[in-house]
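One structure is given here, and the rest of the page talks about it.
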Amino acid sequence: MADVTVNATLLGLLPAASFEKLHALKGLGVCIRCILRYAAISDHELYSLDTAVLNHTWDAFVAAHGGSAVPTGSAGVCTCCLDVFEGALGAAGRADLIAKSKDRSVSRRGYATSTFMIAIQIPSATLIRQHALNHVVQIKTVPIDLKEVLKWCLTPLLAAALNHAAYVATSDISIHLHFHHELSEQEAMQLPTIRDTIVQNKKRKLDIDAFGAVTRALQTALLHASNLPSTLT
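When we follow my numbering, the leftmost residue of the sequence shown carries the number 1, and every step to the right adds one.
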């Protein structure tokens, strides 16, 4: 088995000034790709690196700053993105996505397209958790949007699967990617605004896990450490 290497480009981009905050996030179970979002790294090729290379590079960054490494071999689900990143960009997830795209491509169904667009749905709990983590670690800046990073990374993969079609936001061909997690609705219900809306509209079927609703709920109430989602603490 070949040794896992350190990516010099990534190592040079990880901000030394943010080491303590980033290290604290890693200690709370945040995955390496979410760490890159918090580090304001926008190179999609770095997010697409093998997970082992990313973690090895992080360990080198920690060692360079005299910190203690956080074990990654037995790490659980990312406390921020709920493993959306690993499911989309990890080796297994990426291979599965490409295979499904080719199998369901319009060309296989007798159509041809030169353009496509991507619609991504992710668990609203990722917003709640990001908000909570920012509060716990006292981070003032907003990390790069998870959906945006996914679009950066998945666009070239899907374009290749669709015979090198181009991404166009107004394309008639739309690829819908839905990432879900069983805890998402449960955590959304812990937000007072969401809970009250559901109680007041018992006869209506509402989408508890709606991204827009959770975004508005977070904007109207500060999520204090005392009422973090129990599934996060």
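Glycine is no exception: its CB is placed at the ideal position from the N, C-alpha and C atoms.
Report task. Can you give me the Cβ contacts of Gly12 inside the same chain, cut-off strictly under 8 angstroms, excluding the 5 residues immediately before and after it? Result -> As a working note, residue 12 is residue 12 in the sequence shown. If we look at Gly12 and ignore the five residues flanking it on each side, it has no Cβ neighbours.
Query - Cβ shell of Phe19 (< 6 angstroms), same chain only, five flanking positions each side left out - result: Locating residue 19 in the sequence shown gives position 19, where the first residue counts as 1. These residues qualify, in order along the chain: His65.
Report task. Output the distance between the C-alpha atoms of Val4 and Ile35, rounded to the nearest integer angstrom. Result -> Walking along the sequence shown from the start, residue 4 turns up at place 4. Walking along the sequence shown from the start, residue 35 turns up at place 35. If I take the Cα positions, the gap works out to 19 angstroms.
Requested in this report: Look up Ile120 in the DSSP assignment and say whether it is helix, strand or coil.
Outcome: The sequence position of residue 120 within the sequence shown is 120, counting from 1. In the structure shown, Ile120 sits in a strand (DSSP, three-state: E or B).
Query raised in the report: Since Leu249 contacts Ile98 with CB under 8 angstroms, what's their CB separation in whole angstroms?
Result: The shown model of the chain, from 1 to 233, leaves out residue 249, and the question about it has no answer.
**Report entry** Nearest candidate by alpha-carbon position, reference Asp50, set Gly67, Cys78, Asn7, Val62
**Finding:** As a working mapping, residue 50 is identified with position 50 in the sequence shown. Among Gly67, Cys78, Asn7, Val62, the Cα nearest to that of Asp50 is on Asn7.
Query - Boundaries (first-last residue) of the beta strand (DSSP E) holding His135 - result: Indexing the sequence shown from 1 puts residue 135 at position 135. Here His135 belongs to no beta strand (DSSP E); instead the alpha helix (DSSP H) covers 125–137.
Report task. Pull up the CB-CB distance for Ile175 and Lys21, whole angstroms please, since I reckon it's below 8 angstroms. Result -> The residue given as residue 175 occupies position 175 in the sequence shown. The residue given as residue 21 occupies position 21 in the sequence shown. At roughly 35 angstroms, the Cβ-Cβ gap does not stay under 8 angstroms, so Ile175 and Lys21 are not in contact.
Query raised in the report: Can you tell me where the alpha helix (DSSP H) with Leu11 in it begins and where it stops?
Result: Taking the sequence shown and counting its residues from 1, the one referred to as residue 11 is at position 11. 8–13 is the extent of the alpha helix (DSSP H) around Leu11.
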